[in-house]
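Have a look at the structure below before the remarks.
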Amino acid sequence: MQKKRAIVLLSGGLDSEIATLISLKKYNVNLAITFDYGQAAAKQEIAAAKKFCKAYHIKHKHFLLPWLNDVSGSLLNKRTGCLPVYKASELGRFAKKEQASANAVWVPNRNALFINVVAAYAESMKIGVIITGFNKEEANTFPDNSLEFIKAINRSLYYSTLNHVKVVSPCKNMTKTQIVKRGFALGLNFDFFWSCYKGGKSMCGACESCARSIRALEENKAEDVIIKRFSLLFPPHCGEG
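Going letter by letter, the sequence shown gives residues 49 to 289 in this note's numbering.
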């Protein structure tokens, strides 16, 4: 049976990269798209996505959405500001802090916007599937990662695309630890991802996104990846470039 064609919404992070690897068995992945919307880590995310796509022979494009930076108050889009500092051991213990962190990096309508842009591209290429890295763990604080969001956006796409483009999220019921475990099983090169909210030469190791990745790697006994890829000095996240 011929595989269905798909486009990946690829951030360059662990979730979307491993979701892509899972999907390769079922789909013919023709293209991966990464967005630069003025986020501090845009350069690093795009570079990671390009390395990943080159390794797996997937065509890659990145799209610019500079106006999203103008309407966003998110700390993702600011080169200065104070991100909440996290250690992996703190995750799950302070619900208010986690929600405050999520609110601080929230970009208005981001995932829905990305999906609709990719859906337009998919319809023009007669492709019916968009692969995303949405997952159970991040759905707890980011509603646009949730099962309800996937169902809602697919309902919308049914009417807004003539070929009824559909979002597929193979990690939707998985925690980050489970996702990383699948990544190791599928042979992911862990030099090819960027999951930090900040830019720089190495991932900061102290933002919530880094903390989640570090915890997942620790629980998969991958301390070597942590040491190689993350700064573990826990600097204050104020006024840094």
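For each residue, glycine too, the CB sits at the ideal point set by N, CA and C.
Could you tell me how far apart the beta carbons of residue i and residue j are, in whole angstroms, since I believe they sit closer than 8 Å?
| i | j | result |
| --- | --- | --- |
| Tyr75 | Lys52 | 5 Å |
| Cys219 | Phe182 | 7 Å |
| Phe278 | Cys258 | 6 Å |
| Phe111 | Val77 | About 17 Å separates the two Cβ atoms, so there is no contact after all. |
| Asn159 | Asp192 | 4 Å |
| Phe227 | Leu62 | According to the sequence provided, residue 227 is Ile. The question's Phe does not apply to it. Right, the Cβ-Cβ distance comes to about 6 Å (below 8 Å), so this counts as a contact. |
Which residue or residues does DSSP assign as beta-bridge partners of residue i?
| i | result |
| --- | --- |
| Ile201 | Paired residues: none, contrary to the question. |
| Leu79 | Ile55 and Lys107 |
| Leu112 | Asp84 |
| Met251 | Phe278 |
With a CB to CB cut of under 8 Å and the five nearest residues on each side skipped, what residues in its chain are close to residue i?
| i | result |
| --- | --- |
| Ile163 | Leu57, Ile178, Thr180, Ile201, Leu205 and Val215 |
| Ser217 | Ala67, Ile179, Thr180, Gly181, Phe182, Asn183 and Ile198 |
| Leu280 | Gly253 and Ile274 |
| Phe232 | Asn268 and Ala270 |
| Leu161 | Leu113 and Leu116 |
| Thr223 | Asn183, Lys184, Glu185 and Ala264 |
On the DSSP letters alone, give me the boundaries of the alpha helix (DSSP H) that residue i sits inside.
| i | result |
| --- | --- |
| Val215 | Segment Lys214 to Val216 is the beta strand (DSSP E) holding Val215; no alpha helix (DSSP H) there. |
| Asp63 | Leu62 to Ser71 |
| Cys258 | Glu256 to Glu267 |
| Ala187 | Lys184 to Ala187 |
| Gln50 | Where Gln50 is concerned, there is no enclosing alpha helix (DSSP H), given that its DSSP letter is neither H nor E. |
| Ala233 | Lys224 to Ala233 |
Only counting the same chain, and skipping five residues up and downstream in sequence, which positions put a Cβ closer than 6 Å to that of residue i?
| i | result |
| --- | --- |
| Ala80 | Val56, Leu58, Cys101, Ile106 and His108 |
| Thr209 | Ala167 and Glu171 |
| Pro284 | Bear in mind that a pLDDT of 48 at Pro284, under 50, signals an unreliable position, so the model cannot answer this. |
| Ser194 | Ala187 |
| Ser64 | Leu58 and Gly181 |
| Leu116 | Tyr85 |
| Asn211 | Glu171 and Gly176 |
Apart from the five residues on each side of it in sequence, which residues of its chain come closer than 7 Å, Cβ to Cβ, to residue i?
| i | result |
| --- | --- |
| Cys230 | Looking at the sequence shown, residue 230 is not Cys but Arg. Around Arg230: Ile66 and Ile70. |
| Ala96 | Gly60, Phe240, Phe241 and Trp242 |
| Ala90 | Asp84 |
| Ile175 | Arg53, Ala54, Ile55 and Asn78 |
| Lys269 | none |
| Asn221 | Lys184 |
| Cys244 | Ala89, Met251, Cys252, Cys255, Ser257 and Cys258 |
For a minimum of 4 consecutive residues, which ranges assigned as the alpha helix (DSSP H) are wholly contained in the stretch 151-181? 158-172
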